[in-house]
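Engineer: Next up is a structure, given as structure tokens.
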Amino acid sequence: MVRGIVLVALSLALGTSALPEAKWRTTTEKRLQFTKNGTFQLSIFEDLHYGEAEATTWGPSQDAETKVVINTVLDNESPQLVILNGDLITGEDTFLPNATNYIDEIVAPLVDRQLLWASTYGNHDSDYNLSRIAILERGKTYSNSLTNSMVSGALAGVSNYYLPQLKDGSQVPQPCWVDESVVKWFTQINTELRNKDGRGLNANYEPGINGDNPLDQQGEASGQGEVSGTVFSNSGQDIPFMEALLNAEGLLVTFSGHDHGGDWCFKWDSKLPGMNLTGNGLNLCFGRHSGYGGYGPWTRGSRQILFDETTLENKS
């Protein structure tokens, strides 16, 4: 289950619910705005994997090292928005009484700096003792959280949403591709924005969140929840979402996590082997593995995205 953010647009998980109100940031303070210098910076943390092997000595040590990564990045960068891009928690290792407590640990560096953040949820954020809805509810107890849920339905996921930016029990199997309901929502939102200002998604105003990236087309459902076996070769389930991305005016780039060793960007401007779609210059990116939980020896870090208002005006 690959998830990521789409600039500009959407995300993933399991339904909607009533959420607590913000506690100490006003509505004005929670608005996303360019700085007075005309810039807007994002810091993206991928695959933090808190809570892994919590009953051991090395599990909590990993979380401590991950916190160092977050603090080091934020001590050296000045983001207007922090993205927690999926697999925040290793859900299969958690216990019901404290599973969502890890959210408090994860966001502590952001709370200390009074930074705004938004999250997507990955496959490890849901297991027997943990649900994405529970993570969403815990996160929304913090007024700095902008995470939302705009698409209902068991297969749609939880964290499908977009953020407007101002100028000044038993496991439930889920598909490995973007559900049709999310594709319809994405297309509808893009149409509404286009009708509103005549330009569709505007890179100056709608940086959004997405939970699934179509970069690696997925096949039939398998290896999800109670479904076992090998994932079959691609059978086209991702094509509708890929087409929706290509048709989204103003969409600049997508950022994905999940594959810990992936840390690159690619401009999709041609027809690729195995596809019947031709890219239009959309940038597809994978972010660096940020957490010490999860597999892989790669150097941890966080992708930084700096937007300049004057440059974006030529792309909207």
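Heads up: the sequence shown runs through residues -18 to -1, 1 to 298, numbered per mature numbering (1 follows the signal peptide of the UniProt record, and there is no 0). Glycine included, C-beta positions come from ideal geometry on N, C-alpha and C. Being a predicted model, the structure only gives us computed values, none of them experimental.
(1) With DSSP as the reference, label W280 as helix, strand or coil.
(2) Would E34 be called buried (16 or more neighbouring beta carbons within 10 Å of its own) or exposed?
(3) DSSP three-state label for F223, please.
(4) Determine the contact status of L56 and L92, defining contact as a CB-CB distance below 9 Å.
(5) Per DSSP, what kind of secondary structure is E3 in: helix, strand or coil?
(6) For D69, does the three-state DSSP call read helix, strand or coil?
(7) Check the C-beta distance from T82 over to R114 and give it rounded, since I have them as a contact under 8 Å.
(8) When you compare the CB positions of H106 and T72, do they come within less than 9 Å of one another, or not?
(9) In whole angstroms, what separates the C-alpha of T10 from that of K122?
(10) Spatial neighbours of A116 within its chain, please: C-beta separation below 8 Å, excluding the five flanking residues on both sides.
(11) With DSSP collapsed to three states, give me the class of E291.
(12) From the DSSP output, read off the bridge partner residues of D109.
(13) If we require 3 or more residues per run, which beta strand (DSSP E) segments fall completely within the segment 14 to 38?
(14) Taking the CB atoms as reference points, tell me whether G261 and L228 lie closer together than 9 Å.
(15) If we ignore side chains and look at the alpha-carbon of each, how far apart do P189 and D290 end up?
(16) Would you kindly check if the distance between the Cβ of Q44 and the Cβ of L98 is under 9 Å?
(17) Along the chain, where does the beta strand (DSSP E) that runs through K249 open and close?
(18) Y110 to I85, Cα distance in whole Å?
(19) Work out the CA separation of E225 and Q286 for me, nearest whole Å.
(20) Cα separation between P222 and T38?
(21) Do you know how far the Cα of Q23 is from the Cα of N58?
(22) Is it true that the CB of F27 sits closer than 9 Å to the CB of L66?
(23) Can you give me the C-alpha to C-alpha distance between L264 and S238, rounded to a whole angstrom?
(24) If you reduce the DSSP assignment to three classes, tell me which class L264 lands in.
Structural biologist: By the coordinates alone:
(1) Counting from 1 along the sequence shown, the entry for residue 280 is found at position 298. In this structure, W280 counts as coil in the three-state DSSP scheme.
(2) Taking the first residue of the sequence shown as position 1, residue 34 is located at position 52. That one is buried.
(3) Taking the first residue of the sequence shown as position 1, residue 223 is located at position 241. Note: F223 maps to helix in three-state DSSP.
(4) As a first step, residue 56 must be located in the sequence shown, where it is residue number 74. As a first step, residue 92 must be located in the sequence shown, where it is residue number 110. Yes, the Cβ-Cβ distance between L56 and L92 is below 9 Å.
(5) In the sequence shown, counting from the first residue as 1, residue 3 sits at position 21. With a pLDDT of 40 at E3, under the threshold of 50, the modelled position of that residue is not reliable, and no figure is offered here.
(6) If you number the sequence shown from 1, residue 69 lands on position 87. Coil at D69, not helix or strand.
(7) Against the sequence shown, residue 82 aligns to sequence position 100. Against the sequence shown, residue 114 aligns to sequence position 132. Not a contact, Cβ separation roughly 11 Å.
(8) Counted from its first residue, the sequence shown places residue 106 at position 124. Counted from its first residue, the sequence shown places residue 72 at position 90. For H106 and T72, yes; Cβs fall inside 9 Å.
(9) Indexing the sequence shown from 1 puts residue 10 at position 28. Indexing the sequence shown from 1 puts residue 122 at position 140. Interpretation of T10 is limited by its pLDDT of 44, a score under 50 that renders its predicted location unreliable; the figure taken from the coordinates is listed afterwards. Cα to Cα, T10 sits roughly 17 Å from K122.
(10) Translated into the one-based positions of the sequence shown, residue 116 becomes position 134. Same-chain partners within the cutoff: A81, T82.
(11) For the purposes of this step, residue 291 is identified with residue 309 of the sequence shown, where counting begins at 1. DSSP places E291 in helix when its eight states are reduced to three.
(12) Counting from 1 along the sequence shown, the entry for residue 109 is found at position 127. Note: D109 sits in a beta bridge opposite L112.
(13) 21 to 28
(14) Position 279 of the sequence shown, counted from the start, is the residue given in the question as residue 261. Position 246 of the sequence shown, counted from the start, is the residue given in the question as residue 228. The answer is yes: Cβ separation under 9 Å.
(15) Here residue 189 refers to the residue found at position 207 when the sequence shown is read from its first residue. Here residue 290 refers to the residue found at position 308 when the sequence shown is read from its first residue. Residue placement at P189 is poorly supported in this model, since its pLDDT is 43, which falls under 50; the coordinates still yield a value, given next. In a straight line, the C-alpha of P189 is about 13 Å away from that of D290.
(16) Within the sequence shown, residue 98 is the residue found at index 116, counting from 1. Within the sequence shown, residue 44 is the residue found at index 62, counting from 1. Going by C-beta atoms, L98 is not nearer than 9 Å to Q44.
(17) Indexing the sequence shown from 1 puts residue 249 at position 267. Per DSSP, K249 belongs to the beta strand (DSSP E) from 246 to 250.
(18) Translated into the one-based positions of the sequence shown, residue 110 becomes position 128. Translated into the one-based positions of the sequence shown, residue 85 becomes position 103. The straight-line gap from Cα to Cα measures roughly 17 Å.
(19) To locate residue 286, count along the sequence shown from 1; it is residue 304. To locate residue 225, count along the sequence shown from 1; it is residue 243. Approximately 27 Å between the Cα atoms of the pair.
(20) Counting from one through the sequence shown, the residue named residue 222 turns up at place 240. Counting from one through the sequence shown, the residue named residue 38 turns up at place 56. Each residue's Cα considered, the two are about 44 Å apart.
(21) Here residue 58 refers to the residue found at position 76 of the sequence shown. Here residue 23 refers to the residue found at position 41 of the sequence shown. For N58 and Q23, the distance between alpha carbons rounds to 13 Å.
(22) Within the sequence shown, numbered from 1, the residue matching residue 66 stands at position 84. Within the sequence shown, numbered from 1, the residue matching residue 27 stands at position 45. In this structure, F27 lies closer than 9 Å to L66 by Cβ.
(23) Working through the sequence shown from its first residue, we reach residue 264 at position 282. Working through the sequence shown from its first residue, we reach residue 238 at position 256. Distance between the alpha carbons of L264 and S238 is about 14 Å.
(24) Working through the sequence shown from its first residue, we reach residue 264 at position 282. Strand, per DSSP.
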